[in-house]
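Engineer: Before anything else, here's the structure in question.
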Amino acid sequence: MPELNLTSAPAHLRHGSNIGQPLTRRDGILKVKGQATYAADNHPPGMLFAVMAVSGIAHGRVTSLDVAAAKRHPGVVDVMTPDHKPALAIDPEIKTNPFVFRMEVLQSNEVRYANQPIAVVIAETLEAATEGAALLAPRYEPLPALVGLDAGESFVPPVVGVGNPTELHRGDVEAGLASAEKQIDAIYETPPQYHNAMEPHAIVASWDGDRLQIDMPTQGLMLSLARIAELFGIAHDKIHIRSPFLGGGFGSKGLMAGPPTLGIMAAKLVGRPVKLVLRREQMYGPVGHRAPTRQRLRIGADGEGRLTALDHHARTVSSTFDDFYEPAADASHTLYAAPAIRTSHDAVRVNTGTPLFMRAPGEATGSIALESAIDEMAWACGIDPLAFRLKNYAEVEPMTGRPFSSKALRACYAQGAARFGWAKRPLQPRQMRDDAGLLVGWGMGTATFPALMFQAEARAAIRRDGSGVMEIGAHDMGQGAWTALAQIAADAVGLDIDRVEFKAGTSDLPDAGIAGGSAHTATAGAAIHSAGAAVIAKLADLATKDERSPLFGAGNAGVIARDGRLIRRDDESRSESYAEILARAGVAEVEARGTGAPNPAAMEEYAMHAHGAVFAEVKVDPELGQARVTRMVGAFAAGRIVNPHLVKSQLFGGMIWGLSFALHEEAITDRRSGRIMNANLGEYHIPVNADVPPLDVITVEEHDPHVNALGIKGVGEIGITGSAGAVANAVWHATGVRVRRFPIRIEELLTQP
Amino acid sequence: MKPFDYVRPATVTEAVAAAAQPGAVYLAAGTNLLDLMKGGVSRPDRLVDVTHLDGLDAIETLADGSLRIGALVSNADLAHDAEFARSYPAVAEALLSGASAQLRNAATVGGNLLQRTRCAYFYDSVSRCNKREAGSGCDARDGENRGHAVLGWSESCIATHPSDFCVPLVALDAVVEIEGRNGRREIELDALHRLPGNTPERESALEPGDLIVAVRLPPAARGFSAHARYLKVRERTSYAFAVVSAAAALRIENGRIAEARLALGGVAAKPWRARAAEDVLRGVAPTADAFQEAAWRALTDAKPSSDNAFKIELARRIVVRALTLAAAGTPARIPALPASPFASTSGAIHA
């Protein structure tokens, strides 16, 4: 495990509390020095290199592989193919639970998407394995590829996202539209996008008999472990996974996918440790992506600018062999108080890898369409977009009628608008220019993301020397879990952060749940909080029942834990240090476990969401159509902020994702072959530093007594929602051109100057 | 990777002999070649590393006023040479708008001239590509061709040449010095790159073993320094190739254009010199109407494929803007965002 030391933040900065302090990330120095060990940095003795050969066609069958040529290549040890591979304990096509997706692990010669693994070459060097894979020279029997949103027959999937209903409605949408004074009926398209974590998917796997040691970046240690156990027919306790650091995951490293499974198989086949790292282009297929959408929004408003109906339909795609449906229309459930709302989805099947969770799945795609349509309606009504949103502010969750557990969105609107200077915005588009003659536009969007909780467990201990231990198999994807969760742990056991040994990132620790759904801090934090409370209770029990302790008999009054001491609640002059209590009791340490889980009763009663308001300024060259964001302000209310410094960074990141969604990101799929033609970071455009303007993030104070004991809502994904729409709306305000196909391209803005 | 020989010749003569063998290619910084090799697009038998050759990394002014740039001068060193940037500002601006700072530090003048197209079908070794494999067909022609050529293309190939650097160079009549099996020769840069015709696999006028040793700008090239710009429209502000770019250089005397130079990038298999447009500008006042006329002339022969018709209109507008900027005068300093339409935006951050 990494040695983590505080890089700054001396104790005196903290005023007795760790939560709420802007500590710098504790793993920062390790990363800057290149000493943070990522999965692919591990080289156990005797390790071989595995390289996947992937399919050049999107649909059909592999008819031949020149295995002999590959094996003849110096350094090649073995070639794993459908005819030569270790057996799995379970058919990988069987879905044993909703979080199991079908994977390609050489179970057949069938090709169902481009870049599907079709063989694995194992060699003494990476170069030999790479050349061996090239020498396989696959031949195919191709079939026509299904490509795009109009491929084949559409159908209504049984669920979208993770178990969301495909269709929901409240009120009479058609009547609401019929009675409307103003109507918007518009179609928006979003492209396929790929996660493109900086760190490619990687695994180093070593078998020792039936014991399996794995280094692999994962957002879900226990889910991965359970899937590996099932696939290879071994007990959970025979598997050890280390995942101390991820170079980004964004949803693509949450669930066990085909490529790392192939790495484990390869290690088994050759009886030596094996490393398998994906090439960048191999990440465009077997490890998930965001599916394209085509969304139709029909909105009605009365003469006062109040919504009468909101109908949001989304078409998306899934793979030909599994089911994941981007729940884009669900974005319309929570934000605007229309008396009639309907959301619905349909889909077609195409020859791609199965789409997956990616950076606010559904919320992001739905948000750019919804926020654009709301903007269009505000303009149709002649009302300022912020005033229009306030006029249609949802006091209760529109789709369910439930009250919100907390909702400081009004404050977000007010503080964001004030910081941005929104009041000076002209209603009409194409009114502002800068000194150089560039068109200037201001747009806004509302951000929202559900406050989710999964299940987690943590183990806390207080040691004889008065220090603490907190163990939880949590995941740091770069978001700062090593720091934020350690802050929660420190408060949970009443110690300074540097007195608590915080252990995370391995599968032998208690299950922290998945780092996804923006729920990791809330879920793992709740478990840590409760484990800390439990261990302090045990310690208190030792003290208050011992007549030699100054705390003897405090049982009813109770004690509080602070700075390594238990203090009598009703008499702070009576206290005892943890070390004294344990020394007298003659025990090395006390330990306890605690869990974090959603509260079903509260979830039934309340709608739980984080909210925000994003304001963007863009400039557009009136003749050349080049658009860039020049300023962005985001104000977010997401419950308790554990570490303002790291939270700001996450929100910045989310806003940049939004900017990228609106102006840059797109996987270009050849319409005939189904191959991704820009499967590299040179041509799959994400913004560079020079595209990212000064960003301003405001975290709006919000106390939520219902979401969880700590009041945490999560900030991992909300930043992309609202932001993408704000940029798109600003482009309209700059130019008067409403672009409904994303990303917004130069040619769309090459109108008459 | 495919195993290959690596040789490091001591002299240019040795290099030429080594590279004249079938399957041999020159290696300079490798910013393009190594990617091509990793992707299996280029599978040479032998790399002839020229980076250690002496005498190829100088920037020198010759007696006749020409400037001679050694083939191994890095893009960054050339762009940041103050005297060079003053004399040939559009070239410096083009260099600084290319790639990223890290790539510019590595990439060389000679290598830049010979970089390969960025056509996705050329890079995708599964797709058909006449340039990669002669006679195999062109999957770009009816494929995703939004970024492809609108000038000088053929049914065999619609790829573009991606260089920024070459665009102002060709406008300024740059000359390429070549060392070959039969000794030294020189050709105009405009003649170095070939249009595809029926043989898109033949990309340049170079013969086996030919080594570009220098690029020379003739004395007249300095005459445009007061009115020279490079303008590049791209999909992000750095590390992106031009959708369309233009270099415009004017010699203005007594309020009239004595001589105009214009070239376009991102529109053809070579940096595209627009001589017809230059002709209509000679002797006229630098007015919007004249620039519009020039833009129409520059794109007279342009033809789109399925997705890239917008590039023709965009190219016209870029020509007008580049000429307008050039007429307004070269800025005292290269903008923080070189070649960007947003260059004059206050507070711009360096690309």
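Just so you know, the protein sequences line up as chains E and R, in that order. Heads up: the first sequence begins at 1 in my numbering, then just goes up one per residue. Heads up: the second sequence begins at 754 in my numbering, then just goes up one per residue. Using N, Cα and C, we set each Cβ at its ideal position, and we do this for glycine too.
Just mark E908(R) as buried or exposed, buried being the case when its beta carbon has 16 or more other beta carbons within 10 Å.
Structural biologist: Per the 10 Å Cβ criterion, exposed.
Engineer: How big is the Cα-Cα spacing for L390(E) and G634(E)?
Structural biologist: Their Cα atoms are separated by approximately 17 Å.
Engineer: When you compare the CB of L136(E) with every CB in chain C, is at least one pair closer than 7 Å?
Structural biologist: This model lacks chain C altogether, as its protein chains are E and R.
Engineer: Taking the alpha carbon of K275(E) as the point to measure from, which residue in D41(E), L88(E), A70(E) has its own alpha carbon closest?
Structural biologist: Answer by Cα proximity: D41(E).
Engineer: Going by DSSP in three states, Y140(E) sits in which element: helix, strand or coil?
Structural biologist: Here Y140(E) sits in strand by DSSP.
Engineer: Of all Cβ atoms in chain E, is any one closer than 7 Å to the Cβ of Y992(R)?
Structural biologist: Cβ-Cβ to chain E under 7 Å: yes for Y992(R).
Engineer: How is the beta strand (DSSP E) around L964(R) delimited, first residue to last?
Structural biologist: 964-970 is the extent of the beta strand (DSSP E) around L964(R).
Engineer: In its own chain, which residues sit with a C-beta less than 8 Å from the C-beta of D384(E), not counting the 5 before and 5 after it?
Structural biologist: Result list for D384(E): A378, R425, L427, in chain order.
Engineer: Would you grab the beta carbon distance between G478(E) and G247(E) for me? Rounded to a whole angstrom, and I think it's under 8 Å.
Structural biologist: Rounded, the Cβ-Cβ distance is 7 Å, consistent with contact.
Engineer: According to the Cβ coordinates, are M832(E) and I528(E) closer than 7 Å?
Structural biologist: An answer regarding residue 832(E) cannot be provided, because it is not within the stretch 1 to 753 covered by chain E.
Engineer: Count the other CB atoms, across all protein chains shown, that sit within 10 Å of the CB of L681(E); report buried if there are 16 or more and exposed otherwise.
Structural biologist: Exposed.
Engineer: So which residues of chain E does A873(R) contact, with C-beta pairs closer than 8 Å?
Structural biologist: Ordered by position in chain E, the residues that pass the 8 Å Cβ test against A873(R) are I668, M677, N678, E683.
Engineer: Which whole-angstrom value describes the C-beta separation of F232(E) and I203(E), a residue pair presumed to lie in contact below a C-beta threshold of 8 Å?
Structural biologist: With 8 Å as the limit, F232(E) and I203(E) do not qualify as a contact, their Cβ atoms being about 13 Å apart.
Engineer: Between the Cα of G816(E) and those of T669(E), R459(E), D570(E), V500(E), spot the shortest distance and give me the residue it belongs to.
Structural biologist: The structure shown has nothing for residue 816(E), since chain E only spans 1 to 753.
Engineer: Determine the closest residue to E665(E) out of T1083(R), R989(R), L1076(R), with distance taken between C-alpha atoms.
Structural biologist: Cα-wise, what sits closest to E665(E) is R989(R).
Engineer: So, F245(E) versus R359(E), is the Cβ gap smaller than 7 Å?
Structural biologist: Contact: no.
Engineer: Considering only their Cβ atoms, is the gap separating V692(E) from I718(E) smaller than 7 Å?
Structural biologist: Not closer than 7 Å, so no.
Engineer: Can you list, in chain order, the residues of its chain with a C-beta nearer than 7 Å to that of N109(E)? Leave out the 5 residues immediately preceding and following it.
Structural biologist: Hits under 7 Å: R61, V62, P82.
Engineer: Show which residues of chain E have a CB atom less than 7 Å away from the CB atom of L1090(R).
Structural biologist: Simply A690.
Engineer: I'd like to know if G905(R) contacts chain E, where contact means its C-beta is closer than 7 Å to some C-beta of that chain.
Structural biologist: Judged by the 7 Å Cβ criterion, G905(R) is not in contact with chain E.
Engineer: Would you call the CB atoms of T1172(R) and S827(R) closer than 7 Å?
Structural biologist: Outside the shown range of chain R (754 to 1104) lies residue 1172(R), about which nothing can therefore be said.
Engineer: Taking CB distances under 7 Å as the criterion, tell me whether P687(E) reaches chain R.
Structural biologist: Answer yes: the Cβ-Cβ gap between P687(E) and chain R drops below 7 Å somewhere.
Engineer: Among the residues of its own chain, which have a CB less than 8 Å from the CB of H703(E), if the five just before and after it don't count?
Structural biologist: Same-chain partners within the cutoff: S406, G639, R640, G711.
Engineer: May I have the straight-line CA-CA distance separating A11(E) from S577(E), to the nearest angstrom?
Structural biologist: Because the pLDDT of A11(E) is 43, which lies under 50, any placement of that residue in the model is unreliable, and the question is left without a value.
Engineer: Taking the C-alpha atoms as reference points, what is the distance between R574(E) and G555(E)?
Structural biologist: Each residue's alpha carbon lies about 13 Å from the other.
Engineer: By Cβ distance below 6 Å, which residues in the same chain neighbour A512(E) in space, the five residues on each side in sequence not counted?
Structural biologist: Correct list, in chain order: A456, I472, G473, A474, A524.
Engineer: Give the secondary structure of W906(R) by DSSP, where H, G and I count as helix, E and B as strand, and everything else as coil.
Structural biologist: In the structure shown, W906(R) sits in coil (DSSP, three-state: anything other than H, G, I, E or B).
Engineer: 7 Å is my cut-off, CB to CB: does E747(E) come that close to chain R?
Structural biologist: Closer than 7 Å: yes.
Engineer: Can you give me the C-alpha to C-alpha distance between R1004(R) and L624(E), rounded to a whole angstrom?
Structural biologist: Near 25 Å, if we compare the C-alpha coordinates of L624(E) and R1004(R).
Engineer: Among F155(E), T721(E), N643(E), E131(E), whose alpha-carbon lies nearest the alpha-carbon of D346(E)?
Structural biologist: That would be F155(E), whose Cα lies nearest to the Cα of D346(E).
Engineer: With DSSP as the reference, please indicate the residues paired to V754(E) in a beta bridge.
Structural biologist: No answer is possible for residue 754(E): the residues shown for chain E start at 1 and end at 753.
Engineer: When you compare only the Cα positions, how much space is there between A1055(R) and G905(R)?
Structural biologist: Between A1055(R) and G905(R), the C-alpha separation is close to 8 Å.
Engineer: Judging by CA-CA distance, which residue of T308(E), Y284(E), G161(E) is the nearest neighbour of E181(E)?
Structural biologist: Of the candidates T308(E), Y284(E), G161(E), the one whose C-alpha sits nearest the C-alpha of E181(E) is T308(E).
Engineer: Shorter than 7 Å from the beta carbon of G793(R) to some beta carbon of chain E?
Structural biologist: Interface residue, yes.
Engineer: To the nearest angstrom, how far is the alpha carbon of E547(E) from that of A451(E)?
Structural biologist: For E547(E) and A451(E), the distance between alpha carbons rounds to 46 Å.
Engineer: Quick one: what does DSSP say N795(E) is sitting in, helix, strand or coil?
Structural biologist: The requested residue 795(E) is not part of the displayed model; chain E covers only 1 to 753.
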